[in-house]
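These notes concern the structure reproduced below.
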Amino acid sequence: MGLTKSEIFTAQQNTIATFAKVLGHPARVAILEHLYKIKSCVCGDLVDEIGLAQPTISQHLKELKQVGLIKGTIEGTRVCYCIDDDKWITMKAVIHEFLDQDLTKNQECC
18 MGLTKSEIFT
28 AQQNTIATFA
38 KVLGHPARVA
48 ILEHLYKIKS
58 CVCGDLVDEI
68 GLAQPTISQH
78 LKELKQVGLI
88 KGTIEGTRVC
98 YCIDDDKWIT
108 MKAVIHEFLD
118 QDLTKNQECC
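Residue numbers for the sequence shown follow our numbering, so the first one is 18 and each next one is one higher.
Structure, rendered in structure tokens:
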């Protein structure tokens with residue numbers, strides 16, 4: 018069986034790409050911003066806040082949870098979500114390390 022494309026890249030490259038992908042949709046960014054703004058878990062009131070249909074919100078929450086940026090707890094028939102602080106700190110460190118690389122100007126480069 019052949020290699021999947023992700024297998025030809027380093028773990029670090031795959032991690033950065035995963036974080037970038039999950040942050041690549043404005044609805045997911047809005048969800049994360051809202052969770053930080055309220056400084057607590059959210060239990061089902063994202064539809065009014067974000068302005069998208071519940072199934073769409075649920076799909077974005079699923080994507081954020083798969084990457085580990087949010088965690089959920091079940092309360093009765095509702096699932097409550099909040100930021101996973103440890104994973105958030107990890108993401109910040111990984112992306113900062115990547116973006117903090119210094120570029121050197123090559124005078125012969127276009």
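Virtual Cβ for every residue (Gly too), placed ideally from N, Cα, C.
Since this is a predicted model, take the numbers as computed values, not measurements.
Close beta carbons around A34, own chain, < 7 Å, minus the five adjacent residues each side: none
For E114, the residue or residues it bridges with in DSSP: The partner list for E114 (beta bridge, DSSP) is empty, contrary to what the question assumes.
Host beta strand (DSSP E) of E24 (start-end): From DSSP, E24 is part of no beta strand (DSSP E); its letter is neither H nor E.
Q30 at chain B interface by Cβ criterion, 9 Å: Absence of chain B from the displayed structure is noted, only one protein chain being present.
Residue span of the alpha helix (DSSP H) that contains T94, given as start and end: From DSSP, T94 is part of no alpha helix (DSSP H); its letter is neither H nor E.
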